[in-house]
Every structure is written in C-alpha cells, then in structure tokens.
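One structure is given below, encoded as structure tokens.
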Amino acid sequence: MNKVWEFAPITESFKLDVHGEVKLTKIYEDSLIFTTNHNMIYVWDFQKSKIVERFPAHSVSCLDVDDRVIVTGSYDRNIKVWENSKCKYTLSGHLNSVTNILLVGSLIFSAGQDGKLLKWEMKSNTPVKLCANHKCRILKILLVEEYIVTVSTDGNMILWDIDLGILQNVNTETNPTSICLFKKKIILTTYGEMVLFSIQKERFHLHHVIGFKNMLRTVGTSCSDYHLLISGLQGGKLIVNIISNSFNILKVREYPEVCNILIRENTLLRIHNNILFIDTFGDFPQ
Numbered sequence: 001m002n003k004v005w006e007f008a009p010i011t012e013s014f015k016l017d018v019h020g021e022v023k024l025t026k027i028y029e030d031s032l033i034f035t036t037n038h039n040m041i042y043v044w045d046f047q048k049s050k051i052v053e054r055f056p057a058h059s060v061s062c063l064d065v066d067d068r069v070i071v072t073g074s075y076d077r078n079i080k081v082w083e084n085s086k087c088k089y090t091l092s093g094h095l096n097s098v099t100n101i102l103l104v105g106s107l108i109f110s111a112g113q114d115g116k117l118l119k120w121e122m123k124s125n126t127p128v129k130l131c132a133n134h135k136c137r138i139l140k141i142l143l144v145e146e147y148i149v150t151v152s153t154d155g156n157m158i159l160w161d162i163d164l165g166i167l168q169n170v171n172t173e174t175n176p177t178s179i180c181l182f183k184k185k186i187i188l189t190t191y192g193e194m195v196l197f198s199i200q201k202e203r204f205h206l207h208h209v210i211g212f213k214n215m216l217r218t219v220g221t222s223c224s225d226y227h228l229l230i231s232g233l234q235g236g237k238l239i240v241n242i243i244s245n246s247f248n249i250l251k252v253r254e255y256p257e258v259c260n261i262l263i264r265e266n267t268l269l270r271i272h273n274n275i276l277f278i279d280t281f282g283d284f285p286q
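Straight run, no breaks: the sequence shown in the UniProt record's numbering ends on number 286.
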C-alpha cells in the first residue's frame with residue numbers, strides 16, 4: 001500500500017434546496033437518498049442533477065434501500081417502510097432507538113440501542129424472531145453472502161445463519177468506529193487502523209490489519225464496486241484514503257472541514273453546509 005496515484009478532480013457543486021441540516025446519506029443505483037434534522041427524506045437523481053423526491057418522515061437514525069423501497073429506523077423506536085413517498089408499514093418492537101437497518105428481500109433486520117437484533121417480515125407489525133442480544137449498541141448489520149454479521153461498539157462480532165441463529169461470536173479486540181463490506185471482506189476501522197475479516201466454513205477468518213499513518217482516528221467508510229473509501233481525522237482536517245480492490249492506496253485527499261463523504265464509481269460526493277460537491281477524478285486504477 002505504498003504507491004499513491006495522483007489525479008486532479010473536476011468539481012461540481014449544487015446547493016441543496018432542503019429544510020434543515022443533511023444528516024444520513026445512502027447511495028442506491030443512480031440516486032442519493034439523504035435525511036435532514038427536520039425529519040425529511042430527499043432523493044437526489046445523479047442523471048438529472050436535482051432532487052426528484054421529498055417527503056416528511058420521522059426522526060431517522062438509520063436507513064436502508066432496496067428496489068426503490070426505503071426502510072428507516074428512528075429515535076422514536078419505530079421502523080417505517082416507504083414506497084413512492086408514502087409510509088406503507090410501521091413496525092414497533094424496540095424499547096430504545098433503532099441504530100441500524102438491513103433490508104434483505106421481504107425481510108428486515110433491525111438493531112437497537114440496547115443490543116437487540118430483531119428479524120421482521122416487512123408486512124408484519126411484530127418481529128418474526130428476537131435473534132439475541134449484544135451487550136452493547138450494535139453499530140452495523142451486514143449481509144455477507146448468505147450470512148448476517150453484526151458488530152457492536154465493544155468489538156464483538158456475531159455470525160448468524162438467517163434461519164438457525166448464531167454460528168460464531170468473537171471479540172475482535174477493537175473498538176470499531178465504522179464497518180462496511182468490500183469484496184466479500186468485512187472491514188472494521190478503528191483508531192488509525194483497518195482490520196479485514198472474511199467468512200470461511202461458517203467461521204470468521206482474520207486476514208490482516210492495515211495501519212494509516214495519515215490519520216489519528218477513522219470516522220467513516222464507503223464502498224463502490226471497485227474502490228473503498230476510508231476517512232479519518234488528523235490535525236483538524238478530514239483525510240480521505242481511496243483504496244483499490246487489491247488494497248493499494250490510489251489517492252489521498254484532504255478537506256478542511258468534516259463533511260458527509262461517499263464514493264460512487266470514480267467520484268467523491270461531499271455534503272457540507274447543504275452543498276453537494278461532486279469530485280470526478282477520471283478512471284481510478286483497480
């Protein structure tokens with residue numbers, strides 16, 4: 001990971017006509033779905049370069065999207081299923097805030113502040129199954145091939161069979177700050193490090209640990225089909241590492257402000273002060 005490719009980006013900027021401050025963001029196909037602290041959901045179309053959908057929601061704490069269905073978890077403990085700007089279903093079962101959502105076909109997996117993982121049928125108002133508890137808040141739910149993986153703030157990682165339950169529970173000996181899935185590998189970031197796991201024969205397998213000298217604390221991850229973005233803080237700046245599928249650093253970017261940042265194909269998307277910046281770099285090596 002010692003070769004850094006340099007690219008000069010072409011930057012476009014768009015003022016977002018929204019109420020409140022942009023909070024959560026999610027890329028789905030040709031759209032950017034985002035929420036604001038005024039309990040609104042917006043859909044930005046990359047082809048049209050404008051907002052094409054907006055509707056009032058609830059106090060969204062997490063979201064997932066699949067096949068144009070948006071599922072949101074909330075600080076109000078409820079889960080809502082949205083289609084065509086309308087709420088089709090409201091699911092109630094958590095005793096605390098909902099911290100993460102995963103949509104798998106007609107199934108919804110939701111995590112709570114209390115460490116509970118619930119499994120739902122989309123049309124049902126009661127959980128199909130209480131899978132089990134983490135001891136701490138669940139940061140992320142991932143679908144890895146046919147398995148579910150959950151990671152909590154204390155570094156515990158659980159491998160689930162969707163029907164049978166827990167297959168393995170391990171302590172990663174990390175305090176993860178963000179988690180994502182890239183090239184079938186589970187990426188955990190922590191204080192200046194990236195830890196890679198895969199699943200082999202229904203067990204977690206540790207690949208390796210990669211350190212980042214240019215950041216004190218990682219704060220976020222984002223993935224496209226071929227590239228992984230790791231962002232972190234150093235000296236009051238946001239440092240962004242763009243990494244190839246062979247885990248070589250392709251580009252390092254610095255931004256003076258902490259912003260919402262995602263990767264999509266060969267572009268970086270930044271939202272700061274409700275302005276969407278799109279940095280296009282040409283083709284990244286893979």
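Ideal Cβ positions, reconstructed from N, Cα and C, are used throughout, including at glycine. Everything numeric in this text was worked out from a predicted model, so none of it was measured.
Looking at the backbone, the Cα of ASP30 and that of VAL52 are separated by about 12 Å. Within the model, the alpha-carbon separation for TYR28 versus CYS223 is close to 12 Å. Boundaries of the beta strand (DSSP E) around TYR42: 40-45. DSSP, reduced to helix, strand and coil, places ASP114 outside both helices and strands of the structure shown, so it counts as coil.
The continuous beta strand (DSSP E) containing ASN78 extends over residues 78-83. In this chain, the beta strand (DSSP E) harbouring PRO56 covers 50-56. Taking each of LEU143, LEU233, LEU130 and GLU21 in turn and checking the Cα distance to ASP64, the smallest one comes out for LEU143. Taking 9 Å as the cut-off, the beta carbon of THR35 is found no closer than this to the beta carbon of VAL71.
Under the three-state reduction of DSSP output, HIS205 falls in the strand class. Under the three-state reduction of DSSP output, LEU95 falls in the coil class, being neither helix nor strand.
By the Cβ neighbour-count rule, ILE141 is buried, with 16 or more other Cβ atoms within 10 Å of its own.
In the structure shown, the three-state DSSP call for ARG270 is strand. Excluding sequence positions up to five before and after LYS26, its CB lies within less than 8 Å of the CB of LEU32, ILE33, PHE34, LEU63, ASP64 and VAL65, all in the same chain and listed in chain order. Less than 9 Å divides the Cβ of LEU238 from the Cβ of GLU257. Ranking LEU167, GLY165 and SER178 by CA distance to the CA of LEU228 puts SER178 first.
Under the Cβ criterion (8 Å, minimum of three pairs), the stretch 107-126 counts as touching the stretch 83-98. DSSP places CYS136 outside any beta strand (DSSP E), giving it a letter other than H or E.
The continuous beta strand (DSSP E) containing ASN169 extends over residues 165-171.
Non-local C-beta neighbours of VAL170 in its own chain, meaning closer than 7 Å and more than five positions away in sequence, comprise MET157 and PHE204, ordered along the chain. Under the DSSP assignment, HIS227 falls in the beta strand (DSSP E) whose first and last residues are 227-234. Boundaries of the beta strand (DSSP E) around ILE70: 69-74. Going by beta carbons, SER97 and GLY112 fall inside the 9 Å limit. For VAL60, the uninterrupted beta strand (DSSP E) segment begins and ends at 60-66. Taken atom to atom, the span from the alpha-carbon of GLY211 to that of LYS48 is near 39 Å. Close CB contacts of ASN37 within its chain, under the 7 Å cut and outside five residues either way in sequence, are with GLY20, GLU21 and LYS23 (chain order). Only buried fits HIS134, as 16 or more other CB atoms lie within 10 angstroms of its CB.
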